[in-house]
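Chemist: In my numbering, the protein residues as written are 219 to 398.
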């Protein structure tokens with residue numbers, strides 16, 4: 219019998235040598251385009267938090283917006299977009315974060331969360347964890363409590379989960395793939 223994990227994994231397209239040779243890009247657009255797989259992924263992401271009182275779901279640009287928005291709807295909570303620098307129209311707070319080959323910045327509106335808000339962080343994939351770590355720091359900068367971080371995909375060999383757990387953040391994922 220096929221498991222939830224194997225069904226979701228089968229709905230994710232693997233693109234070899236993207237964005238560079240030796241990398242296998244895990245593309246969730248195929249999962250998003252499959253109504254049953256999309257519903258199942260969102261339901262599985264929401265399930266551990268159904269009994270919690272969650273103030274906000276924060277989604278990391280761009281696929282985290284899709285998943286996080288659906289989660290926020292199901293949890294009857296607000297949604298906070300965390301975007302790349304320069305994309306938000308109102309006053310923002312910003313944090314620099316490490317990428318595999320450099321540094322970038324992300325930001326959110328200064329009034330997106332309030333001190334003490336319980337927030338779930340959401341994105342499509344956790345790899346090296348630099349982006350998610352930056353998002354946690356950004357949310358905490360405004361006093362939010364990041365109760366958990368959830369992702370459809372984990373690439374465990376890259377150590378991102380451990381980076382977030384070292385910050386005291388619970389990490390939940392739906393599927394994992396070996397390699398990069």
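We put the beta carbon where it would ideally sit given N, CA and C, even for glycine.
As the structure is a computational prediction, the values presented were derived from the model and not from experiment.
Considering just the uninterrupted stretch of the beta strand (DSSP E) at residue 366, what are its terminal residues?
Modeler: Judged by DSSP secondary structure, residue 366 falls within the beta strand (DSSP E) whose first and last residues are 363-372.
Chemist: Pull up the CB-CB distance for residue 327 and residue 310, whole angstroms please, since I reckon it's below 8 Å.
Modeler: 6 Å
Chemist: Report the three-state DSSP secondary structure of residue 309 (helix, strand or coil).
Modeler: coil
Chemist: Okay, do the stretch 271-284 and the stretch 323-337 touch, 3+ Cβ pairs below 8 Å being the bar?
Modeler: yes
Chemist: Closest to residue 304 by C-alpha separation, out of 324, 317, 316 and 289, would be which residue?
Modeler: 324
Chemist: Rounded to whole angstroms, how far is the Cβ of residue 252 from the Cβ of residue 229, which I believe are closer than 8 Å?
Modeler: Contact holds; Cβ gap of about 5 Å.
Chemist: Go through its chain and collect everything with a Cβ distance to residue 396's Cβ below 7 Å, but skip five positions before and after it.
Modeler: 375
Chemist: Quick one: Cα of residue 322 to Cα of residue 280, how far?
Modeler: 15 Å
Chemist: State the start and end residues of the unbroken alpha helix (DSSP H) segment that holds residue 169.
Modeler: The shown model of the chain, from 219 to 398, leaves out residue 169, and the question about it has no answer.
Chemist: By a C-beta neighbour count over all protein chains shown, 10 Å radius and 16 as the cutoff for buried, is residue 233 buried or exposed?
Modeler: exposed
Chemist: Helix, strand or coil: which one does DSSP assign to residue 321?
Modeler: strand
Chemist: For the alpha helix (DSSP H) containing residue 302, list its first residue and its last residue.
Modeler: Judged by DSSP secondary structure, residue 302 falls outside any alpha helix (DSSP H) and instead within the beta strand (DSSP E) spanning 296-302.
Chemist: Give a yes or no on whether the C-beta atoms belonging to residue 364 and residue 356 are separated by under 7 Å.
Modeler: no
Chemist: Return the residue from the list 300, 379 and 264 that minimises the CA-CA distance to residue 308.
Modeler: 300
Chemist: Taking the straight line between their C-alpha atoms, what separation do you get for residue 239 and residue 394?
Modeler: So the alpha carbons of these two residues sit roughly 21 Å apart.
Chemist: Could you work out which residue in 344, 249 and 298 is closest to residue 330 when comparing CA atoms only?
Modeler: 298
Chemist: For residue 225, which residues in the same chain have their Cβ closer than 8 Å to its Cβ, ignoring the five residues on either side in sequence?
Modeler: 255 and 258
Chemist: Which residue's Cα is closest to the Cα of residue 386: 366, 261 and 377?
Modeler: 366
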